[in-house]
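Engineer: Structure incoming, see below.
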Amino acid sequence: MKPTFLSGIWIKMLIPLLGITLLAGLARAEPGPPPLVTAALGQNVSLPCPGGTDGDAVWLRDGRALADAAPDTDGQLLVTDASVDDEGLYGCLQHGGEDTGDVKYVRLLVKRPPGPLVNVSVRAHTVLAELFWRANDTGSVPLTGVELRYRALGEQQWRRSLPPHVAPSETHRELYHLRPNRTYEFRVWATNEMGEGPPVTVQATTRPEPSQLGEYKYPHRRAVGRHVTRPPGCTHDQCGTAR
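According to mature numbering (1 follows the signal peptide of the UniProt record, and there is no 0), the sequence shown holds residues -29 to -1, 1 to 214 in order.
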(Lines of atoms letter the chains of each structure in order from A and count residues from 1; the text may use other names and numbers.)
(Lines give C-alpha, C1' and ligand atoms only; values in the text may rest on other atoms or scores of the structure.)
Protein backbone atom coordinates (compact mmCIF):
# COMPACT_ATOMS: atom_id res chain seq x y z
CA MET A 1 0.00 0.00 0.00
CA LYS A 2 1.33 3.43 -0.93
CA PRO A 3 1.93 5.80 1.99
CA THR A 4 -0.59 8.58 2.30
CA PHE A 5 0.28 12.26 2.70
CA LEU A 6 -0.64 12.09 6.41
CA SER A 7 1.60 9.14 7.09
CA GLY A 8 4.44 10.91 5.29
CA ILE A 9 4.08 13.95 7.56
CA TRP A 10 4.16 11.76 10.66
CA ILE A 11 7.30 10.02 9.46
CA LYS A 12 9.07 13.34 8.85
CA MET A 13 8.10 14.54 12.34
CA LEU A 14 9.08 11.34 14.14
CA ILE A 15 12.55 11.05 12.63
CA PRO A 16 14.02 14.10 14.41
CA LEU A 17 12.07 13.31 17.58
CA LEU A 18 13.46 9.80 17.66
CA GLY A 19 16.93 11.17 17.06
CA ILE A 20 16.63 13.60 19.96
CA THR A 21 15.27 10.86 22.22
CA LEU A 22 18.12 8.54 21.29
CA LEU A 23 20.77 11.18 21.95
CA ALA A 24 19.16 12.08 25.28
CA GLY A 25 19.08 8.43 26.26
CA LEU A 26 22.77 8.07 25.45
CA ALA A 27 23.59 11.17 27.47
CA ARG A 28 21.74 9.75 30.48
CA ALA A 29 23.05 6.23 30.04
CA GLU A 30 24.09 4.91 33.42
CA PRO A 31 27.52 3.30 33.80
CA GLY A 32 27.85 -0.38 34.55
CA PRO A 33 28.01 -1.76 38.09
CA PRO A 34 30.94 -0.48 40.16
CA PRO A 35 34.03 -2.65 40.60
CA LEU A 36 33.70 -5.19 43.39
CA VAL A 37 36.32 -5.75 46.07
CA THR A 38 35.93 -8.59 48.59
CA ALA A 39 37.65 -9.06 51.92
CA ALA A 40 37.39 -11.65 54.65
CA LEU A 41 36.07 -10.60 58.04
CA GLY A 42 38.90 -8.97 60.04
CA GLN A 43 41.17 -8.61 57.01
CA ASN A 44 42.93 -5.42 55.85
CA VAL A 45 41.99 -4.42 52.31
CA SER A 46 42.89 -1.53 49.98
CA LEU A 47 40.18 0.01 47.80
CA PRO A 48 41.52 1.27 44.47
CA CYS A 49 40.14 4.48 43.03
CA PRO A 50 38.57 3.42 39.70
CA GLY A 51 40.21 5.21 36.80
CA GLY A 52 43.29 6.05 38.86
CA THR A 53 44.37 9.32 40.47
CA ASP A 54 47.51 11.39 40.75
CA GLY A 55 47.78 10.34 44.38
CA ASP A 56 45.56 13.06 45.83
CA ALA A 57 41.97 11.89 46.28
CA VAL A 58 38.99 12.34 48.57
CA TRP A 59 36.99 9.28 49.56
CA LEU A 60 33.25 9.42 50.17
CA ARG A 61 30.67 7.16 51.71
CA ASP A 62 26.93 7.77 51.77
CA GLY A 63 27.58 11.11 50.08
CA ARG A 64 29.91 12.38 52.80
CA ALA A 65 33.68 12.68 52.94
CA LEU A 66 35.41 10.19 55.21
CA ALA A 67 37.06 12.45 57.77
CA ASP A 68 39.42 9.75 59.05
CA ALA A 69 40.34 8.45 55.60
CA ALA A 70 44.05 8.64 54.79
CA PRO A 71 44.55 7.48 51.19
CA ASP A 72 47.88 6.02 50.14
CA THR A 73 50.15 7.88 47.76
CA ASP A 74 48.43 6.14 44.85
CA GLY A 75 44.97 7.21 46.05
CA GLN A 76 43.93 3.83 47.47
CA LEU A 77 41.88 3.70 50.66
CA LEU A 78 43.03 1.25 53.32
CA VAL A 79 40.29 -0.43 55.35
CA THR A 80 41.70 -2.16 58.42
CA ASP A 81 40.05 -5.02 60.29
CA ALA A 82 37.12 -5.17 57.85
CA SER A 83 33.75 -5.69 59.49
CA VAL A 84 30.13 -5.84 58.39
CA ASP A 85 29.86 -2.11 59.10
CA ASP A 86 32.53 -1.43 56.45
CA GLU A 87 30.52 -3.17 53.74
CA GLY A 88 28.97 -0.88 51.15
CA LEU A 89 29.55 1.59 48.32
CA TYR A 90 32.54 3.95 48.40
CA GLY A 91 33.14 6.98 46.17
CA CYS A 92 36.49 8.37 45.06
CA LEU A 93 36.84 12.00 43.93
CA GLN A 94 40.12 13.39 42.70
CA HIS A 95 41.17 16.38 44.80
CA GLY A 96 40.07 19.61 43.17
CA GLY A 97 37.16 17.99 41.33
CA GLU A 98 33.87 19.77 41.80
CA ASP A 99 31.54 17.86 39.50
CA THR A 100 29.76 14.98 41.21
CA GLY A 101 29.94 13.20 37.88
CA ASP A 102 33.68 12.82 38.50
CA VAL A 103 33.04 10.52 41.48
CA LYS A 104 34.10 6.94 40.80
CA TYR A 105 32.57 4.18 42.87
CA VAL A 106 33.76 0.83 44.19
CA ARG A 107 31.77 -1.66 46.29
CA LEU A 108 33.24 -3.54 49.25
CA LEU A 109 31.84 -6.92 50.32
CA VAL A 110 32.99 -8.46 53.58
CA LYS A 111 32.92 -12.25 53.46
CA ARG A 112 31.88 -13.86 56.72
CA PRO A 113 29.98 -16.86 58.10
CA PRO A 114 26.23 -16.68 57.43
CA GLY A 115 23.83 -15.11 59.88
CA PRO A 116 21.13 -17.07 61.71
CA LEU A 117 18.32 -18.56 59.66
CA VAL A 118 14.99 -16.77 60.00
CA ASN A 119 11.34 -17.82 60.07
CA VAL A 120 12.30 -21.14 61.67
CA SER A 121 9.15 -23.07 62.58
CA VAL A 122 7.92 -26.64 63.11
CA ARG A 123 4.68 -28.32 62.11
CA ALA A 124 4.44 -31.44 64.27
CA HIS A 125 2.30 -34.49 63.45
CA THR A 126 2.04 -37.85 65.20
CA VAL A 127 5.29 -39.48 64.05
CA LEU A 128 6.38 -36.79 61.59
CA ALA A 129 7.60 -33.20 61.93
CA GLU A 130 8.05 -30.61 59.18
CA LEU A 131 10.78 -28.04 59.74
CA PHE A 132 10.76 -24.73 57.85
CA TRP A 133 13.39 -21.98 57.60
CA ARG A 134 14.69 -19.19 55.35
CA ALA A 135 18.18 -17.78 54.76
CA ASN A 136 18.37 -14.01 55.20
CA ASP A 137 22.10 -13.28 55.58
CA THR A 138 24.38 -15.50 53.49
CA GLY A 139 27.56 -13.70 54.60
CA SER A 140 28.07 -12.06 51.17
CA VAL A 141 29.01 -15.44 49.67
CA PRO A 142 26.84 -18.33 48.48
CA LEU A 143 25.70 -20.87 51.04
CA THR A 144 27.24 -24.33 50.84
CA GLY A 145 24.57 -26.14 52.84
CA VAL A 146 22.26 -26.29 55.83
CA GLU A 147 22.87 -28.41 58.93
CA LEU A 148 19.92 -29.92 60.80
CA ARG A 149 19.79 -31.82 64.10
CA TYR A 150 16.97 -32.98 66.37
CA ARG A 151 16.49 -34.90 69.61
CA ALA A 152 13.80 -35.71 72.14
CA LEU A 153 13.70 -33.34 75.08
CA GLY A 154 15.96 -34.71 77.81
CA GLU A 155 18.20 -36.70 75.44
CA GLN A 156 21.91 -35.84 75.16
CA GLN A 157 22.63 -37.11 71.66
CA TRP A 158 21.55 -35.09 68.61
CA ARG A 159 20.30 -36.99 65.56
CA ARG A 160 20.86 -36.09 61.91
CA SER A 161 18.13 -35.90 59.33
CA LEU A 162 17.88 -38.50 56.57
CA PRO A 163 19.29 -37.96 54.05
CA PRO A 164 21.90 -36.01 56.04
CA HIS A 165 22.82 -33.53 53.29
CA VAL A 166 20.56 -30.47 53.11
CA ALA A 167 21.10 -28.39 49.97
CA PRO A 168 21.49 -24.61 50.38
CA SER A 169 18.40 -24.07 48.24
CA GLU A 170 16.18 -26.14 50.58
CA THR A 171 13.84 -24.36 52.97
CA HIS A 172 11.88 -27.36 54.27
CA ARG A 173 12.66 -30.84 55.56
CA GLU A 174 10.47 -33.68 56.89
CA LEU A 175 11.66 -35.76 59.83
CA TYR A 176 10.22 -39.24 60.28
CA HIS A 177 10.08 -41.98 62.93
CA LEU A 178 9.28 -39.67 65.82
CA ARG A 179 7.36 -40.77 68.89
CA PRO A 180 3.80 -39.61 69.45
CA ASN A 181 3.04 -37.12 72.21
CA ARG A 182 6.67 -36.24 72.83
CA THR A 183 8.52 -32.91 72.85
CA TYR A 184 11.49 -32.55 70.49
CA GLU A 185 14.20 -29.96 69.98
CA PHE A 186 15.13 -28.99 66.42
CA ARG A 187 18.36 -27.15 65.62
CA VAL A 188 19.25 -25.70 62.21
CA TRP A 189 22.04 -23.47 60.88
CA ALA A 190 23.57 -22.42 57.54
CA THR A 191 27.15 -22.87 56.28
CA ASN A 192 29.33 -21.20 53.65
CA GLU A 193 33.00 -21.17 52.69
CA MET A 194 33.79 -18.94 55.68
CA GLY A 195 32.29 -21.28 58.28
CA GLU A 196 29.08 -22.00 60.15
CA GLY A 197 26.38 -19.59 61.18
CA PRO A 198 24.80 -19.51 64.64
CA PRO A 199 22.25 -22.29 65.26
CA VAL A 200 18.58 -21.62 65.85
CA THR A 201 16.73 -24.01 68.19
CA VAL A 202 12.97 -24.49 68.37
CA GLN A 203 10.73 -26.99 70.18
CA ALA A 204 7.54 -28.78 69.22
CA THR A 205 5.44 -31.62 70.63
CA THR A 206 4.15 -34.38 68.40
CA ARG A 207 0.47 -35.26 68.48
CA PRO A 208 -0.86 -38.22 70.46
CA GLU A 209 -1.98 -41.34 68.65
CA PRO A 210 -5.75 -41.69 68.08
CA SER A 211 -5.98 -44.32 70.83
CA GLN A 212 -4.23 -41.96 73.21
CA LEU A 213 -6.57 -39.16 72.21
CA GLY A 214 -9.55 -41.30 73.23
CA GLU A 215 -8.03 -42.08 76.61
CA TYR A 216 -7.23 -38.42 77.24
CA LYS A 217 -10.63 -37.18 76.13
CA TYR A 218 -12.71 -39.90 77.80
CA PRO A 219 -10.59 -41.31 80.66
CA HIS A 220 -13.65 -42.90 82.28
CA ARG A 221 -14.41 -45.00 79.21
CA ARG A 222 -12.47 -48.21 79.54
CA ALA A 223 -12.94 -51.55 77.82
CA VAL A 224 -14.52 -53.78 80.50
CA GLY A 225 -16.18 -57.17 80.43
CA ARG A 226 -19.94 -57.53 80.95
CA HIS A 227 -22.20 -60.19 82.41
CA VAL A 228 -25.41 -60.95 80.54
CA THR A 229 -28.39 -62.77 82.09
CA ARG A 230 -30.43 -64.72 79.50
CA PRO A 231 -33.80 -66.37 79.94
CA PRO A 232 -33.93 -70.15 79.59
CA GLY A 233 -33.64 -71.20 75.94
CA CYS A 234 -32.18 -67.81 74.75
CA THR A 235 -28.82 -68.07 72.98
CA HIS A 236 -28.19 -64.50 71.79
CA ASP A 237 -27.47 -61.19 73.55
CA GLN A 238 -30.59 -59.34 72.36
CA CYS A 239 -32.82 -61.33 74.65
CA GLY A 240 -30.62 -60.88 77.66
CA THR A 241 -30.04 -58.04 80.10
CA ALA A 242 -26.53 -56.72 80.62
CA ARG A 243 -25.41 -55.72 84.07
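A virtual CB, placed ideally from N, CA and C, is assigned to each residue, including glycine.
Taking the alpha-carbon positions, what's the aspartate 97 to proline 151 distance?
Structural biologist: One detail in the question is off: residue 97 reads as threonine in this sequence, not aspartate. Distance between the alpha carbons of threonine 97 and proline 151: 5 Å.
Engineer: If you reduce the DSSP assignment to three classes, tell me which class asparagine 55 lands in.
Structural biologist: The sequence shown places valine at residue 55, rather than the asparagine named in the question. DSSP places valine 55 in helix when its eight states are reduced to three.
Engineer: Are the beta-carbon atoms belonging to arginine 83 and threonine 142 less than 7 Å from one another?
Structural biologist: Contact: no.
Engineer: According to DSSP, is serine 92 part of a helix, a strand, or is it coil?
Structural biologist: Residue state, collapsed to three classes: strand.
Engineer: Where DSSP assigns a beta bridge to tryptophan 30, which residues make up the other side?
Structural biologist: Tryptophan 30 is bridged to Cys63.
Engineer: Considering only their Cβ atoms, is the gap separating valine 112 from glutamate 58 smaller than 7 Å?
Structural biologist: In this structure, valine 112 does not lie closer than 7 Å to glutamate 58 by Cβ.
Engineer: Would you give the residue range spanned by the beta strand (DSSP E) that valine 159 belongs to?
Structural biologist: Start and end: 154 to 163.
Engineer: Go to threonine 9, then tell me how far its beta strand (DSSP E) extends in each direction, as first and last residue.
Structural biologist: 7 to 11 is the extent of the beta strand (DSSP E) around threonine 9.
Engineer: Quick one: give me the first and last residue of the beta strand (DSSP E) that valine 77 is part of.
Structural biologist: Segment 75 to 82, the beta strand (DSSP E) holding valine 77.
Engineer: So who's on the other strand from glutamate 167, going by DSSP bridges?
Structural biologist: Looking at the DSSP assignment, glutamate 167 forms a beta bridge with Thr162.
Engineer: When DSSP labels each residue in this structure, what does threonine -9 get in the three-state scheme?
Structural biologist: The predicted model places threonine -9 with a pLDDT of 37, which falls under 50 and marks its position as unreliable; any figure quoted below should be read in that light. Of the three classes helix, strand and coil, the one that applies to threonine -9 here is helix, per DSSP.
Engineer: Helix, strand or coil for serine 182? Go by DSSP, reduced to three states.
Structural biologist: Residue state, collapsed to three classes: helix.
Engineer: Taking Cβ to Cβ, would you say arginine 78 is nearer than 7 Å to proline 5?
Structural biologist: Yes, Cβ-Cβ distance for arginine 78 and proline 5 is below 7 Å.
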